[in-house]
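Residue numbers (the working numbering): 1 to 157.
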């Protein structure tokens, strides 16, 4: 049996310290879906962190979604991406794996960025500079997300 506390936590969108996100399968039409590189390099990790921060900053309007599921051909995830209000592709480097995987599955990103083309050197490291994450996130907001009416959570970007 589900407790009243758990139900009230679900209704509030938070359980303990966890911020619950809109379920992308049932809210896709209202969401800007973000697909990001998660490659084993500094720029890949920046891409993933940017997607996380945008999702946390705009929890009712932006949602990162699983690129691996798209590559694997998951019908559920393909449907989510195709129903989305828009799709953002964050690529770590010039290989543009994120954009290429999306296009191979018939999904055209509305906005694309390549982290390594923004003056950030790709290094064989999982470490990255937080200022670079903020700079890339701010660029996506300025260049694309500012065209939408989105409510933000203070201090998350």
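Where a beta carbon is used, it is the ideal one built from N, C-alpha and C, also for glycine.
Here the structure is a predicted model, which is why all the values come from computation and not from measurement.
- What three-state label does DSSP hand residue 113 in the structure shown? Taking the first residue of the chain shown as position 1, residue 113 is located at position 113. In this structure, residue 113 counts as strand in the three-state DSSP scheme.
- Task: Go to residue 53, then tell me how far its alpha helix (DSSP H) extends in each direction, as first and last residue.
- Result: One-based indexing of the chain shown puts residue 53 at position 53. According to the DSSP assignment, residue 53 belongs to the alpha helix (DSSP H) that extends over 42 to 57.
- Query: residue 19 by DSSP, collapsed to three states: which one?
  - Reply: Within the chain shown, numbered from 1, the residue matching residue 19 stands at position 19. Residue 19 falls in the strand class under three-state DSSP.
- Item | Under the three-state DSSP convention, the category residue 245 falls into | Residue numbering for the chain in the displayed model covers 1 to 157; residue 245 lies beyond these limits and cannot be assessed.
- Can you give me the start and stop residues for the beta strand (DSSP E) that residue 87 sits inside? Numbered from 1 along the chain shown, position 87 holds the residue referred to as residue 87. Per DSSP, residue 87 is one residue of the beta strand (DSSP E) stretching across 86 to 91.
- Message: Would residue 78 and residue 35 be called neighbours here (beta carbons separated by less than 8 Å)?
- Response: Here the question's residue 78 lines up with position 78 in the chain shown. Here the question's residue 35 lines up with position 35 in the chain shown. Result no, Cβ atoms of residue 78 and residue 35 do not sit closer than 8 Å.
- Message: Determine whether the beta carbon atoms of residue 93 and residue 114 lie at a separation below 8 Å.
- Response: Your numbering for residue 93 matches position 93 in the chain shown. Your numbering for residue 114 matches position 114 in the chain shown. Going by C-beta atoms, residue 93 is nearer than 8 Å to residue 114.
- Task: Count the CB pairs spanning the region 52 to 64 and the region 136 to 147 that are closer than 8 Å, and state whether there are at least three.
- Result: Flag = yes, the region 52 to 64 and the region 136 to 147 touch.
- Query: In terms of residues, what are the limits of the beta strand (DSSP E) holding residue 34?
  - Reply: Indexing the chain shown from 1 puts residue 34 at position 34. The continuous beta strand (DSSP E) containing residue 34 extends over residues 32 to 36.
- Message: I'd like the span of the alpha helix (DSSP H) that includes residue 108, first residue to last.
- Response: Reading the chain shown from its first residue, position 108 is the one you call residue 108. Counting along the chain, residue 108 falls outside any alpha helix (DSSP H), and DSSP gives it neither H nor E.
- Whole angstroms is fine: what's the gap from residue 33's alpha carbon to residue 47's? Taking the chain shown and counting its residues from 1, one reaches residue 33 at position 33. Taking the chain shown and counting its residues from 1, one reaches residue 47 at position 47. It is roughly 14 Å from the alpha-carbon of residue 33 to the alpha-carbon of residue 47.
- Message: Assuming residue 131 is part of the alpha helix (DSSP H), what are its boundary residues?
- Response: For the purposes of this step, residue 131 is taken as the residue at position 131 of the chain shown. Where residue 131 is concerned, the enclosing alpha helix (DSSP H) stretches over 130 to 143.
- Excluding sequence positions up to five away, which residues of its chain have a Cβ less than 7 Å from the Cβ of residue 85? Taking the first residue of the chain shown as 1, we reach residue 85 at position 85. Cβ neighbours of residue 85 within its own chain (closer than 7 Å, five residues either side excluded): 29, 30, 31, 32.
- To the nearest angstrom, how far is it from the Cα of residue 100 to the Cα of residue 39? Counting from one through the chain shown, the residue named residue 100 turns up at place 100. Counting from one through the chain shown, the residue named residue 39 turns up at place 39. Roughly 14 Å separates the two Cα atoms.
- Query: Does the distance from the C-beta atom of residue 37 to that of residue 65 stay below 8 Å?
  - Reply: For the purposes of this step, residue 37 is taken as residue 37 along the chain shown, with counting starting at 1. For the purposes of this step, residue 65 is taken as residue 65 along the chain shown, with counting starting at 1. Against a cut-off of 8 Å, the Cβ pair of residue 65 and residue 37 comes out as no contact.
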